[in-house]
Every structure is written in C-alpha cells, then in structure tokens.
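The structure appears below as structure tokens.
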Amino acid sequence: MAGVEHKSHDMGLHTEQLSGRTQQRFFSASEEENFTYPWANEVDFDKTADFDAMDMDPTGINLKIRELLEQGYGTITIKNPRAKHGVGVGVLNRANITFEGSLGYFGCGLIDGPNVRITGRVGWSCAENMMAGTVVIDKNAGSTFGAAIRGGDLVCRGDVGSRTGIDQKGGTIIVGGRTGAFSGFMMQRGRMVICGDAGKNLGDSMYDGTIYVGGEVEDLGVDCVPGEMTDTDLKWLTAKLSMYDIAPACGFENMKKFVSGKQLWNYDNLEPSEKKLVL
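Residue numbers in the sequence shown follow my numbering, run continuously in steps of one, and reach 458 at the last position.
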C-alpha cells in the first residue's frame with residue numbers, strides 16, 4: 180500500500196492544498212457490493228443478442244437495451260444506429276455493448292459500468308458524466324468529448340473537437356489523434372492523453388488533474404503549466420495506451436506533461452490587482 184501511495188504522489192494525484200473536506204475517496208477492493216447497483220441485472224457475457232435499430236427511435240433503442248439486460252444478455256450488438264442522438268444513455272449495468280455504426284449527440288452519457296464499442300463516429304458530448312466502464316470509438320468524435328466524466332476509460336482512436344474533457348472530474352480520456360481548442364477546460368481530476376496535437380488554450384482554468392500531449396500544443400490556457408515527466412508517468416502511459424493498441428507517433432518518452440499552476444485555487448481571496456495578473 181505504501182508503494183501505491185508513493186506512486187500516486189509522484190504522479191501529482193495528492194496535491195490538494197485546500198482546508199476543509201477533502202475530495203479524495205477511498206475504497207476497499209473487498210467491498211464488491213459497492214461496485215454494482217443493488218438493482219443491477221445479473222447478466223451472462225456468453226449470452227449474446229443483436230437487433231437492427233434502423234427503424235427505431237432513440238427511446239426505443241434504449242428500452243430494447245434495457246429489456247435485453249433484464250433478460251440476462253451480457254453481450255449486445257446494435258446494428259444501424261444511424262447517428263441517432265441520445266442512444267446508449269443511462270446504462271447502469273455491467274455488459275458488453277457494440278454499436279455497429281455512428282452515434283449522434285450525447286451518445287452513451289450517464290453510464291456506469293458497461294464496456295461500449297462504437298465502430299463509427301460520435302457527435303457532441305459523447306459519454307458525458309460517465310461514471311465507470313469503457314467507451315471506445317473507432318473513428319472521430321465531436322466537441323465536448325467526455326464532458327464532466329467522473330470515471331472509467333473514454334477512448335477515441337481518431338481526432339476529436341474542441342473542449343475535450345471540459346469539467347473532467349476523474350477517469351481517463353485518451354485521444355489517438357488531435358484535439359481542438361480549450362481541451363481540459365476547468366479540469367478538476369483525472370488524466371487526459373492526447374497523442375497528436377492540441378489546439379488553443381489547453382488546460383484553461385484547470386483546477387487539478389494531468390494532461391499528456393504527444394504532438395504540438397498551440398498554446399496553454401490560464402493556469403496550465405508544464406509538469407515534470409517521471410518514470411511513473413511513462414510506465415502508466417505505456418501500460419494504459421497498450422490496452423487499446425494506441426501509441427503516440429513521437430514515442431512515450433517524448434510526450435509532454437501539463438498540470439495546474441494552482442494560481443486559481445483561492446481566486447476569490449485575491450486582490451483585484453492579483454486577479455488581473457492571473458487572468
């Protein structure tokens with residue numbers, strides 16, 4: 180346990196300086212009942228089902244997914260989602276779910292537990308407020324990718340739009356290509372890995388967390404500063420990205436690390452002249 184604490188301190192995960200209630204949470208690996216909801220369905224991952232969503236509306240698709248989970252199907256494939264909005268949302272169950280095609284806005288939002296694969300593209304705000312599980316997109320994603328994500332792994336193998344991980348509160352966001360402006364805006368916790376280039380104002384007003392970039396950064400936002408890469412960072416990056424067969428073109432050892440400068444933590448207590456200096 181001491182070794183784990185040492186590594187987490189090396190990676191900057193225990194830098195909170197505020198007094199009062201901590202935002203850290205501690206769990207015991209033996210408390211298995213805390214990892215699932217009491218009403219979650221018992222599913223068999225070897226029990227498979229698929230259906231064609233061509234002529235279904237988003238509500239119908241989501242209801243069909245819930246129906247199959249209630250029947251114990253642990254592996255579900257949805258064909259022809261046709262880039263419909265709000266599909267795959269609110270799944271609070273362990274399951275393997277594959278969408279053969281693209282999703283529209285707010286796909287797979289508010290999920291807690293499933294492993295999702297999307298073979299096409301996704302629109303704005305994919306996996307918004309995701310709590311746990313994995314979401315892997317084979318192609319590109321729109322803006323506000325992973326907005327307010329709290330846990331799990333959110334992966335896009337291609338490029339994403341602006342404001343990736345806005346208000347990120349935990350978990351890991353991985354982008355195999357480029358990201359747009361204001362990625363990491365108001366980031367609070369978690370880690371973001373951008374294998375390609377990053378647009379303007381990276382990490383603007385970030386409170387905490389870590390951003391890794393393999394390509395060029397157009398410029399840094401307010402209170403986002405370079406951090407020191409450690410051996411622990413490199414080991415984590417290599418292990419995590421290898422899980423999804425993703426690697427930065429520059430090599431892991433050449434990735435850059437960015438963290439919060441901590442100047443905005445006590446912004447309300449600054450004098451007017453100091454606020455102008457920070458902004």
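Note that beta-carbon positions come from the ideal geometry of N, C-alpha and C, so glycine has one too.
Within the 8 Å Cβ cut-off, does L242 reach chain D? Among the chains of the structure shown, chain D does not appear; only one protein chain is present.
Quick one: which unbroken beta strand (DSSP E) runs of 3-plus residues sit fully inside the segment 358–407? Chain order, please. 368–373, 389–392, 403–406
Let me make sure I understand the geometry here. Which of D346, K435, L381, G349 has the alpha-carbon closest to that of F361? Here residue 361 is taken as the residue at index 182 of the sequence shown, counted from 1. Comparing Cα-Cα distances from F361 to each of D346, K435, L381, G349, the minimum goes to L381.
Could you say which of G375, L242, T277 lies nearest to F224 if we only look at CA atoms? What you label residue 224 is simply residue 45 of the sequence shown in a count that begins at 1. Nearest option by C-alpha distance: T277.
In whole angstroms, give me the CA-to-CA distance for V266 and M371. Taking the first residue of the sequence shown as 1, we reach residue 266 at position 87. Taking the first residue of the sequence shown as 1, we reach residue 371 at position 192. Those two C-alpha atoms are separated by around 24 Å.
Would you report the Cα separation of I240 and G330, rounded to the nearest angstrom? Translated into positions along the sequence shown, residue 240 becomes position 61. Translated into positions along the sequence shown, residue 330 becomes position 151. Each residue's alpha carbon lies about 25 Å from the other.
Tell me the DSSP secondary structure of E279 in three-state form. Translated into the one-based positions of the sequence shown, residue 279 becomes position 100. E279 carries a strand assignment under DSSP once its states are collapsed to helix, strand and coil.
Consult DSSP for L443 and reduce its assignment to one of helix, strand or coil. Taking the first residue of the sequence shown as 1, we reach residue 443 at position 264. Coil, per DSSP.
Using a Cβ distance threshold of 8 Å, determine whether the segment 313–322 contacts the segment 391–411, with at least three qualifying pairs required. no
What's the gap between the Cα of V270 and the Cα of T227? What you label residue 270 is simply residue 91 of the sequence shown in a count that begins at 1. What you label residue 227 is simply residue 48 of the sequence shown in a count that begins at 1. Roughly 17 Å separates the two Cα atoms.
According to DSSP, which residues form a beta bridge with R300? Position 121 of the sequence shown, counted from the start, is the residue given in the question as residue 300. Per DSSP, none; premise fails for R300.
Straight-line Cα distance separating E397 from F364: Against the sequence shown, residue 364 aligns to sequence position 185. Against the sequence shown, residue 397 aligns to sequence position 218. Cα-Cα distance, rounded: 15 Å.
For G369 and N272, what's the separation of their Cα atoms in angstroms? Translated into positions along the sequence shown, residue 369 becomes position 190. Translated into positions along the sequence shown, residue 272 becomes position 93. Cα to Cα, the separation comes out at about 23 Å.
Here's a check: name, in chain order, each residue in its chain whose Cβ is nearer than 6 Å to the Cβ of S281, leaving out the five neighbours to either side. Sequence index remark: in the sequence shown, residue 281 carries index 102 (1-based). In chain order, A262, G299, R300 place their CB closer than 6 Å to the CB of S281, counting only its own chain and leaving out the 5 sequence neighbours on each side.
Got a sec? Which residues, its chain only, sit under 8 Å from G356 by beta carbon, not counting five neighbours each side? As a first step, residue 356 must be located in the sequence shown, where it is residue number 177. If the five residues before and after G356 are omitted, its C-beta is found closer than 8 Å to the C-beta atoms of N319, C335, R336, G337, D338, V339, C374, G375, all from its own chain and listed in chain order.
Tell whether a beta-carbon distance below 8 Å holds between L399 and F437. One-based indexing of the sequence shown puts residue 399 at position 220. One-based indexing of the sequence shown puts residue 437 at position 258. Yes; because the gap between Cβ atoms is below 8 Å, this pair is in contact.
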